[in-house]
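Worksheet for the structure shown next.
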Amino acid sequence: GQQLNQSPQSMFIQEGEDVSMNCTSSSIFNTWLWYKQDPGEGPVLLIALYKAGELTSNGRLTAQFGITRKDSFLNISASIPSDVGIYFCAGQLYGTASKLTFGTGTRLQVTL
Amino acid sequence: GAVVSQHPSRVICKSGTSVKIECRSLDFQATTMFWYRQFPKKSLMLMATSNEGSKATYEQGVEKDKFLINHASLTLSTLTVTSAHPEDSSFYICSAAPQGYSGNTIYFGEGSWLTVV
Numbered sequence: 001g002q003q004l005n006q007s008p009q010s011m012f013i014q015e016g017e018d019v020s021m022n023c024t025s026s027s028i029f030n031t032w033l034w035y036k037q038d039p040g041e042g043p044v045l046l047i048a049l050y051k052a053g054e055l056t057s058n059g060r061l062t063a064q065f066g067i068t069r070k071d072s073f074l075n076i077s078a079s080i081p082s083d084v085g086i087y088f089c090a091g092q093l094y095g096t097a098s099k100l101t102f103g104t105g106t107r108l109q110v111t112l
Numbered sequence: 113g114a115v116v117s118q119h120p121s122r123v124i125c126k127s128g129t130s131v132k133i134e135c136r137s138l139d140f141q142a143t144t145m146f147w148y149r150q151f152p153k154k155s156l157m158l159m160a161t162s163n164e165g166s167k168a169t170y171e172q173g174v175e176k177d178k179f180l181i182n183h184a185s186l187t188l189s190t191l192t193v194t195s196a197h198p199e200d201s202s203f204y205i206c207s208a209a210p211q212g213y214s215g216n217t218i219y220f221g222e223g224s225w226l227t228v229v
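Chains as they are written, first to last, in the numbering used here: chain A, 1 to 112; chain B, 113 to 229.
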């Protein structure tokens, strides 16, 4: 099935640093979602975006819905150890139901 | 917030046997449930979409007779892996959406680890 391309694939950063990751697609989406998954757990929703150009924050997290509707980015400011995990973007195709297409994931490691 | 629970969280079964995984929405009625499969260090791949009272819609390449999905009520969907083989070992995750859903009202379960020996 289709997957969204996320970059970078993995990141090793120091506590306190800012993080940026993005997600691109060849298809247009009408909703972009960002999830965090801890090992052995289901994904947890971080931010949902519904309009092209929309910029939304959730605490230290900020995400934007690309103008072309084919991309999105997620920023994490002042990273802390509990930010460790895998971050997935997901898109909801225009005109479909709640079916989500997930990105390839970005693995974040935070060192003290 | 809404809670989706999966059971069992971990299961080991012998090759050739069948195993059932349950997905329950605990505090809302889920008209639609989704089943995903995730291999280690890989993304979630949608297997099928399950609508209450009707047949599941399977994604391309997913064997319907291998992965039986039943959504008999508004709070329960089951995934049965039939005649399991070691290559079926994976992390299976469900999600559920209530009526009138939007992108942020799709709730994920905790996942179920299946190991076939």
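Here a beta-carbon is modelled for each residue, glycine too, at the ideal position from N, C-alpha and C.
- For Gly221(B), go through chain D and note every residue whose CB falls closer than 9 Å to its CB, in chain order. No chain D appears in this structure, whose protein chains are A and B.
- Item | Residues near Asp83(A) in its chain [Cβ-Cβ closer than 7 Å; skip 5 each side] | Ile76, Leu108 and Val110
- Item | Touch test, the stretch 126 to 135 of chain B against the stretch 24 to 31 of chain A, Cβ-Cβ under 8 Å, three pairs minimum | no
- Task: Would you please verify whether the beta carbon of Leu33(A) is less than 8 Å from any beta carbon of chain B?
- Result: yes
- Message: Using CA atoms only, rank isn't needed, just tell me which of Val228(B), Phe220(B), Thr169(B) and Gly173(B) is closest to Glu41(A).
- Response: Phe220(B)
- In whole angstroms, what is the alpha-carbon distance linking Ser207(B) and Phe146(B)? 5 Å
- Message: Looking only at its chain, what residues have a beta carbon closer than 8 Å to the beta carbon of Glu15(A), apart from the 5 residues adjacent to it on each side?
- Response: Ser79, Ile80, Pro81, Val110, Thr111 and Leu112
- Name the residue from Pro152(B), Ser202(B) and Val229(B) whose alpha carbon lies nearest to the alpha carbon of Ser121(B). Ser202(B)
- Message: Going by C-alpha to C-alpha distance, which of Val116(B), Val115(B) and Glu134(B) sits closest to Phe179(B)?
- Response: Glu134(B)
- Message: Looking at the secondary structure, which residues open and close the beta strand (DSSP E) in which Val110(A) lies?
- Response: Thr106 to Thr111
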